[in-house]
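So the protein sequences, as listed, match chains D and A.
Everything in the first sequence is counted per full-length UniProt numbering, starting at 1 for the first residue and increasing by one.
Everything in the second sequence is counted per full-length UniProt numbering, starting at 1 for the first residue and increasing by one.
Heads up, the thing below is written out as structure tokens.
Number of protein chains: 2
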Amino acid sequence: MPYHHGDLRRALLDTALEAVGEQGPAALSLRDVARRAGVSHAAPTHHFRDKTALLTALAAEGWALLADSLRDAAADGDFAELGVAYVVFATSHPAHFAVMRAPGLARADDPELEAAMGQAREQLESGVRRFEDGSTRDAATTALAAWSLVHGLAALVLEGAVPLKPDADVAELARAVTSRLHPPT
Amino acid sequence: MPYHHGDLRRALLDTALEAVGEQGPAALSLRDVARRAGVSHAAPTHHFRDKTALLTALAAEGWALLADSLRDAAADGDFAELGVAYVVFATSHPAHFAVMRAPGLARADDPELEAAMGQAREQLESGVRRFEDGSTRDAATTALAAWSLVHGLAALVLEGAVPLKPDADVAELARAVTSRLHPPT
DNA sequence: AGGCCTATCTTGTCAATGTCAAGACTTGGG
DNA sequence: CCCAAGTCTTGACATTGACAAGATAGGCCT
Numbered sequence: 001m002p003y004h005h006g007d008l009r010r011a012l013l014d015t016a017l018e019a020v021g022e023q024g025p026a027a028l029s030l031r032d033v034a035r036r037a038g039v040s041h042a043a044p045t046h047h048f049r050d051k052t053a054l055l056t057a058l059a060a061e062g063w064a065l066l067a068d069s070l071r072d073a074a075a076d077g078d079f080a081e082l083g084v085a086y087v088v089f090a091t092s093h094p095a096h097f098a099v100m101r102a103p104g105l106a107r108a109d110d111p112e113l114e115a116a117m118g119q120a121r122e123q124l125e126s127g128v129r130r131f132e133d134g135s136t137r138d139a140a141t142t143a144l145a146a147w148s149l150v151h152g153l154a155a156l157v158l159e160g161a162v163p164l165k166p167d168a169d170v171a172e173l174a175r176a177v178t179s180r181l182h183p184p185t
Numbered sequence: 001m002p003y004h005h006g007d008l009r010r011a012l013l014d015t016a017l018e019a020v021g022e023q024g025p026a027a028l029s030l031r032d033v034a035r036r037a038g039v040s041h042a043a044p045t046h047h048f049r050d051k052t053a054l055l056t057a058l059a060a061e062g063w064a065l066l067a068d069s070l071r072d073a074a075a076d077g078d079f080a081e082l083g084v085a086y087v088v089f090a091t092s093h094p095a096h097f098a099v100m101r102a103p104g105l106a107r108a109d110d111p112e113l114e115a116a117m118g119q120a121r122e123q124l125e126s127g128v129r130r131f132e133d134g135s136t137r138d139a140a141t142t143a144l145a146a147w148s149l150v151h152g153l154a155a156l157v158l159e160g161a162v163p164l165k166p167d168a169d170v171a172e173l174a175r176a177v178t179s180r181l182h183p184p185t
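If you want it as structure tokens, here you go:
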């Protein structure tokens, strides 16, 4: 199907991830991505209308991958592991997560992005529903609290606001932090 | 003291905030800031070495303002109001908060920024210490959980991940969410 | 098989941006 | 009064995102 490069679209996404990992999402340059991929400076145009489109695609991919991670973790049935999986994903896919939570880089109203975000949200909410089963409290609020907790922890870690020793166990940290959430009463 | 503009440094910070509020921190242009302030395109150089330096100054100012807000809220003695103040600050100073949490825009190792962030962290931690007084649990972990919770909630709201009705009461939302944290046991 | 047609990629170009260098203007002190 | 320092301007350059036009390859139809 593709002709010259094999699959330039994927190659662009991968090299963009590489660049984001090195210099952060704000410093991403389309021309640099093209250079790394070995194509001309205007080649990306045919796969991504915009620089924003590339970043939006990356963000959507990140949310989809996160939703997958959460799905796997939910299979364990242990609610706390959902939160752990969230934080572990963020720290093990820092480039994806940085793009996901960067303000204004991705097109927030992109349908693909919205769908992927919805999947991740759905995983969290269904986990909370099982967790809160039989409780009289507002499950949506608890879900938002859980989401906020893990999202915030991941953000603080990746912002460097929470200094993390290189040998630190992120999963253990996440478990400790999420243990501060209410159990159902 | 200053000669032509009165206080160009402050004017640049203010116009930068304005621009960030309109187009997001990633789209900030030094030349645009200079234009808005009515000075030449190279004038900012004498007050901020870099574009990064301007953003770093904004971030530091934001953390300092946040620390002030938290200090005021802590005076109430009610721990939950600390979290509420955090989220209210984020939503009422969206430009500051966007710069604060944007990955890679500010120079993370800037001493002024680190100091301001430390002040905000200190407010949260001392609040948690009072909250957890007499508890056997690890107060640092609880502090991190509280910080993560409010930071994450603010981030999700400002990312648009949590759709907020225009007439919604942010303080009330924050109160509901933070109520999911453990009381000391 | 042969010829078109579309998708893919390249080269060329333009305005805008960040940063640097050099010069001009204002202010205040000796 | 004049000079020195701080403040701002003008000018320049490489880089970037985006657009336009042309080249190339592969698939499709007859």
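We put the CB at the ideal spot given by N, CA and C, even for glycine.
Residue pairing from DSSP places Leu-181 (chain A) in a beta bridge opposite D:Leu-181.
Near chain A, meaning a CB-to-CB distance below 7 Å, the residues of the stretch 151 to 169 of chain D are His-151, Gly-152, Leu-153, Ala-155, Leu-156, Leu-158, Glu-159, Gly-160, Ala-161, Val-162. Chain order gives the chain D residues near Pro-103 (chain A) as Gly-24, Pro-25, Ala-26, Ala-98, Arg-101, Ala-102, Leu-158, Glu-159, where near means a beta carbon separation below 8 Å. Scanning its chain for C-beta atoms nearer than 7 Å, with the 5 sequence neighbours on each side dropped, one finds around Met-100 (chain D) the residues Ala-59, Gly-62, Trp-63, in chain order. Taking C-alpha positions only, Ala-168 (chain A) is separated from Thr-91 (chain A) by approximately 12 Å. Bounds of the alpha helix (DSSP H) holding Ser-126 (chain A) are 111 to 131. Per DSSP, reduced to three states, the secondary structure at Ser-148 (chain D) is helical.
For His-182 (chain D), at least one C-beta of chain A is nearer than 8 Å to its own C-beta. Within chain D, not a single residue places a beta-carbon under 7 Å from that of Ala-73 (chain A); the smallest gap is close to 18 Å.
In the pairwise beta carbon analysis, the stretch 138 to 150 of chain A is classified as touching the stretch 173 to 180 of chain D: at least three pairs are separated by under 8 Å. Short of 6 Å from the beta carbon of Phe-48 (chain D), and not among the five residues preceding or following it, lie these beta carbons of its own chain, in chain order: Leu-54. Under the three-state reduction of DSSP, Phe-48 (chain A) is assigned to coil, being neither helix nor strand. In this structure, DSSP gives Asp-68 (chain D) a helical state, which the three-state scheme calls helix. Taking 8 Å as the cut-off, the Cβ atoms of Arg-180 (chain D) and Leu-66 (chain A) do not count as close. An exposed status is given to Pro-166 (chain D), since fewer than 16 other beta-carbon atoms sit within 10 Å of its beta-carbon. A residue is called buried once 16 or more other Cβ atoms fall within 10 Å of its Cβ, and Gln-23 (chain D), having fewer, is exposed. Annotation for Gly-21 (chain D): Pro-94, Ala-95 place their beta carbon closer than 8 Å to its own, counting only its chain and skipping 5 residues before and after. Residues of chain A whose Cβ lies closer than 7 Å to the Cβ of Leu-149 (chain D) are, in chain order, Ala-145, Ser-148, Leu-149, Gly-152. Residues of the UniProt domain "HTH tetR-type" (6 to 66) of chain A with a C-beta atom less than 8 Å from some C-beta of chain D are Gln-23, Gly-24, Pro-25, Ala-26, Ala-27, listed in chain order. With a threshold of 16 other beta carbon atoms within 10 Å, Pro-25 (chain D) meets it and is buried. In terms of Cα proximity to Leu-156 (chain A), the closest of D:Leu-149, D:Ser-40, D:Asp-133, D:Ala-115 is D:Leu-149. Chain order gives no chain A residues near Ala-115 (chain D), where near means a beta carbon separation below 9 Å; the closest approach is about 13 Å. Between the stretch 109 to 123 of chain D and the stretch 66 to 80 of chain D, the count of C-beta pairs closer than 8 Å reaches three or more; the two stretches touch. The criterion of a C-beta distance shorter than 8 Å is satisfied by Ala-43 (chain A) and Leu-8 (chain A).
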